[in-house]
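Notes to accompany the following structure.
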């Protein structure tokens, strides 16, 4: 199915805004989404299915007497359905109660250019091309060791476009592509099965290394065989990007959202300008990062994406704002209103959460650890206390580092502590950055982490 | 709708030679609310219509989904699905086959006392406000309270090339309440979820004011709780924690697709992996339970599936594809979140069967241990490593409940831990929840109180 043209998507949004104003809305904002994706599914080591998903829809947010209503539909071809979605949004608003803090929708601001977010080559890929990538990845995984099995995986390519319009004159359109491949592996020996090991590549342009993904996932599972126990004590831990993403999503990222701060749900309240982390740590929220998975020219409310310093050399610099929370604090939106397609109202989230790299390679980091652990994957991070930052998670698996070398794998190790203490105990930030979800980060070494062995 | 879906299947079979074709349509209407500190963030309504087409050609799957009932678009989608299946089949080593199942023609009508679609948005807001207000007013130390409310009504249609034709009403009512408290630099957080497939009458049982107070109390109590000691301890788990333990530590391993993917259960069918006290079910037939339904998204009637009996693994949860691989019957566990995605094996209501002991008997012999009453989250790995984070917990000292503990978690290997269950209570409770496996599914989990002779407790003290 052909994708919707830019002018069609913008006029769908503008017409919905006009209709809402005509029916008595004080403010109106319409968001139009289109996603088309193809996905090769791998199950039990073989390509067994191909999926194609086309999803389009429009969501409209209106204010009537300072009360907010929202409605969406996935039927965008039918003018009647569009009219009824406007009516639904207004009736929802009128059912609600006024919000005295509502100070309208944002106004128009210029957008910066983005780099490497759209690649026609991805949009042109055929299912055959994607199958070929999957075969390359599986072959590479299969060649590592016969005890390793690629259990599941996927190769997918997608096109996403969104348009936004509001009653203050915002009219924006953006489109992008993404391609990814991933594989999960386990290794089996006798009755022992390793935890699931996982590797992936994701990119906005057509740069993907499926052979590397297959090989790395298989090597990881292989090295997780023959586990040994470790002792219970506090010590050095290197967290890789997978582990960091798990740990930070539910704690640090919650703490820097302006709405969390305003609602007393952040330990960072009142701490702007104070030292909250090790001097080695600098983090920017960068919605314009070239080729970033969350890069785009504007956010879910049509505010321009920007680069916002969050922590600089350990000092807390800024919180992340959407329009509503910014107006409440008398500030400007930082372009952090995020949407789940057309199905939801915007909420505050990071764009690309960029931990600035240091200058040590992964080899240097490992070689300088006399006694410690390296943790790839964590289990249970979502059960952390999002307000206090306290966590108690399982490393599945972790590898013991002895005299600068990885000595053996260990399973079922628990790590416990507080993320905000952990930030202060960072001793090394590596140079090996990569993006996983919203996080762009290198490895990070932390001192004095409570490790509970089996 | 039946004719439209049949036409899709006919094209797949006649034009592309599909061995099997299935067209699933939905017409759903959702309303949702988020309230924060008595502020209605947005009152939301939405319509989601669409069709999912799944075909099996030469032993491989093709799947296409579109948010439209337009014939030209559907015709394109079914052609796409068939061509993609054909392409996938080219490198297939083991072709997919489906277990036989009875052809079903049925219409399932839900009969709610109070249909959420007929409740005014004003009343839903009033109800959510009452929860929000009670929680915030409970204690000055409560700093925030969020109420998320959601309901879904509508119909789903399934027609397959074997003649199955099922129309089912869908109805879900769900709410989650979270509160945070703060005092002297200590931050706590609590959560409660309710849900039903019966109707809006859920709120007649779950009185808003009682709910609000319950969540607030949990957050306040944690303020003065201490950190648990890390290490191995005897513990007693409440039904809420047992539910998530059964779901995470065992349930996922008993999903046949994960068992096939190298999970530890495939090689343990028929073997004893737990104490005699361990009997688990996954049951899709409990009336009005969150996660119960009459037919799954392959048109297979929902079963009450026995997974472990007296410590011996007796069965797995299947769709038609895995049932064929294991030479058994499909159990009605194939569920798709919506038309955008294909059905996969999901749990329904997963629980441990009760036995005969009283709560007092479970704790009386424990000199130093913990009682974990409700959970914050849980996760499992195919190798049988599980983790459950605890929201409400207490020390047990010399057979009696002691001080509250906060931010504890338990973890271990499922296959070892099931042997450590040495006492099971006679009470029983089922709690609603949502499970993520790429797609979200509404489920229930539960059981009685149980005692574990030992488990690793993750604590920072």
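Chains as they are written, first to last, in the numbering used here: chain A, 1 to 454; chain B, 1001 to 1461.
The beta carbon of each residue, even a glycine, is placed where N, CA and C say it ideally should be.
Asked: Taking 7 Å as the CB-CB limit, is residue 1407 of chain B close to chain A?; Found: yes
Asked: Give a yes or no on whether 7 Å exceeds the smallest Cβ distance from residue 1382 of chain B to chain A.; Found: yes
Asked: Pull up the distance between the alpha-carbon of residue 1386 of chain B and that of residue 1263 of chain B, whole angstroms please.; Found: 13 Å
Asked: What in chain A is Cβ-close to residue 1065 of chain B, meaning under 9 Å?; Found: 51, 52, 53, 54, 55
Asked: Suppose the cutoff is 7 Å on Cβ atoms and the five residues either side in sequence are ignored; what does the same chain contact list for residue 441 of chain A look like?; Found: 241, 244, 355, 433
Asked: Out of curiosity, what's the CA-to-CA distance linking residue 1219 of chain B and residue 450 of chain A?; Found: 25 Å
Asked: Specify whether the region 1419–1433 of chain B and the region 1318–1329 of chain B touch according to this definition: at least 3 beta carbon pairs, one from each stretch, less than 8 Å apart.; Found: no
Asked: Mind reading off the beta-carbon distance from residue 176 of chain A to residue 204 of chain A? Whole number of angstroms is fine, and I expect it under 8 Å.; Found: 6 Å
Asked: Under the rule that 16 or more other beta-carbon atoms within 10 Å means buried, what is residue 1106 of chain B, buried or exposed?; Found: exposed
Asked: For residue 1461 of chain B, count neighbouring C-beta atoms within 10 Å of its own C-beta (all shown protein chains included) and say buried if the count is 16 or more, exposed if not.; Found: Since pLDDT at residue 1461 of chain B reaches only 49, below the 50 mark, its modelled position is unreliable, and the value read off the structure follows with that caveat. By the 10 Å Cβ count, residue 1461 of chain B comes out exposed.
Asked: What are the boundary residues of the alpha helix (DSSP H) that residue 1324 of chain B is part of?; Found: 1320–1325
Asked: Within 6 Å: the Cβ of residue 360 of chain A and any heavy atom of the ligand MN?; Found: This structure lacks the ligand MN; in fact it carries no ligand of any kind.
Asked: If you count every other CB in all the chains shown that lies within 10 Å of the CB of residue 386 of chain A, and 16 or more means buried, which is it?; Found: buried
Asked: Between the region 1067–1084 of chain B and chain A, which residues of the former have CB atoms less than 8 Å from a CB of the latter, in chain order?; Found: 1067, 1068, 1070, 1073, 1076, 1077, 1080, 1081, 1083, 1084
Asked: Quick check: the Cα distance between residue 370 of chain A and residue 435 of chain A, rounded to an integer number of angstroms?; Found: 28 Å
Asked: On the DSSP letters alone, give me the boundaries of the beta strand (DSSP E) that residue 102 of chain A sits inside.; Found: From DSSP, residue 102 of chain A is part of no beta strand (DSSP E); its letter is neither H nor E.
Asked: Using a C-beta to C-beta distance shorter than 8 Å, which residues of chain A count as neighbours of residue 1264 of chain B?; Found: 193
Asked: Check the Cβ of residue 991 of chain B against every Cβ in chain A and list those closer than 9 Å, keeping chain order.; Found: Nothing about residue 991 of chain B can be read from this structure; chain B reaches only from 1001 to 1461.
Asked: Pick out whichever of B:1299, B:1286, B:1369 has its Cα sitting closest to the Cα of residue 1349 of chain B.; Found: B:1286
Asked: Roughly how far, in whole angstroms, is the beta-carbon of residue 1231 of chain B from the beta-carbon of residue 308 of chain A, given that I think they are within contact range, below 8 Å?; Found: About 42 Å separates the two Cβ atoms, so there is no contact after all.
Asked: For residue 287 of chain A versus residue 337 of chain A, is the C-beta distance shorter than 7 Å?; Found: no
Asked: Please classify residue 1160 of chain B as buried or exposed, where buried requires at least 16 neighbouring CB atoms within 10 angstroms.; Found: buried
Asked: Pick out whichever of B:1454, B:1205, B:1252, B:1372 has its Cα sitting closest to the Cα of residue 1380 of chain B.; Found: B:1252
Asked: Tell me the residue span of the alpha helix (DSSP H) that contains residue 419 of chain A.; Found: 419–424
Asked: May I have the straight-line CA-CA distance separating residue 1438 of chain B from residue 151 of chain A, to the nearest angstrom?; Found: 15 Å
Asked: Just tell me which of A:425, A:343, A:103, A:448 has its CA closest to the CA of residue 89 of chain A.; Found: A:343
Asked: What residues from chain B crowd round residue 149 of chain A, counting only those whose CB sits closer than 9 Å?; Found: 1261, 1262
Asked: So that I know if they touch, is there some Cβ in chain B lying closer than 7 Å to that of residue 455 of chain A?; Found: Past the edges of chain A, shown from 1 to 454, lies residue 455 of chain A, and the structure says nothing about it.
Asked: Taking C-beta pairs closer than 9 Å, name the residues in chain A that residue 1308 of chain B reaches, listed in chain order.; Found: Chain A residues near residue 1308 of chain B: none, gap ~19 Å exceeds 9 Å.
Asked: Going by CA-CA distance only, name the one from B:1093, B:1044, B:1168 that's closest to residue 1120 of chain B.; Found: B:1044
Asked: If I measure Cβ to Cβ from residue 452 of chain A and keep anything under 6 Å in the same chain, skipping five residues before and after, which residues do I get?; Found: 232, 414
Asked: From the beta carbon of residue 1156 of chain B, is the nearest beta carbon of chain A less than 7 Å away?; Found: no
Asked: Taking 8 Å as the cut-off, does the region 370–380 of chain A touch the region 221–240 of chain A (at least 3 CB pairs, one atom from each stretch)?; Found: yes
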